[in-house]
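Numbering (this note's numbering), first residue to last: -7 to 123. Step one of this worksheet: look at the structure below.
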């Protein structure tokens, strides 16, 4: 069984991030597999779960790398409903909004739960390590 709690340490010349994310896995009517992070609104997809996971890895790393380079990661996360502790340009700790608030504010997430059988695990989310 694949893991739906995504754990990743990302480091670049612009900073580092340690993350634990709740992931949703579902398959659409065309049998395409999706890995979706409702807290970051990021999606990976593929013909099977492994391809979807690899696709998600790329999307996640691109998101983190870009927002660290632009020093906008805190601002972007705040817009998504995350609580940011420390400076917005270089937050020390950020806490994700509850999944129920994400579902109520994002029609796409609601549609996923309403349309497809979804597999998931739940755990608190944070991005605590910036250098």
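No residue lacks a Cβ here, since even glycine has one placed at the ideal position from N, Cα and C.
Applying the 10 Å Cβ sphere with the 16-neighbour rule, what's the burial state of residue i?
| i | result |
| --- | --- |
| residue 50 | exposed |
| residue 39 | exposed |
Pick from the options: whose alpha carbon is nearest that of residue i?
| i | options | result |
| --- | --- | --- |
| residue 56 | 10, 36, 104 and 92 | 10 |
| residue 104 | 59, 43, 28 and 78 | 28 |
| residue 73 | 2, 12 and 32 | 32 |
| residue 97 | 43, 44, 30 and 65 | 30 |
| residue 16 | 45, 0 and 65 | 45 |
| residue 90 | 111, 3, 4 and 14 | 14 |
| residue 59 | 8, 111 and 41 | 8 |
Can you give the beta carbon distance from residue i to residue j, rounded, assuming they're within the 8 Å contact cut?
| i | j | result |
| --- | --- | --- |
| residue 25 | residue 37 | 6 Å |
| residue 78 | residue 71 | In fact, because the Cβ distance is near 17 Å, the residues do not count as touching under 8 Å. |
| residue 52 | residue 109 | 24 Å between Cβ atoms; not a contact. |
| residue 6 | residue 67 | Incorrect: roughly 15 Å between the Cβ atoms, too far for contact. |
| residue 87 | residue 75 | 4 Å |
| residue 34 | residue 48 | 7 Å |
Whole runs of the alpha helix (DSSP H) within the segment 14 to 81, excluding any shorter than 4 residues: 41 to 61 and 65 to 71
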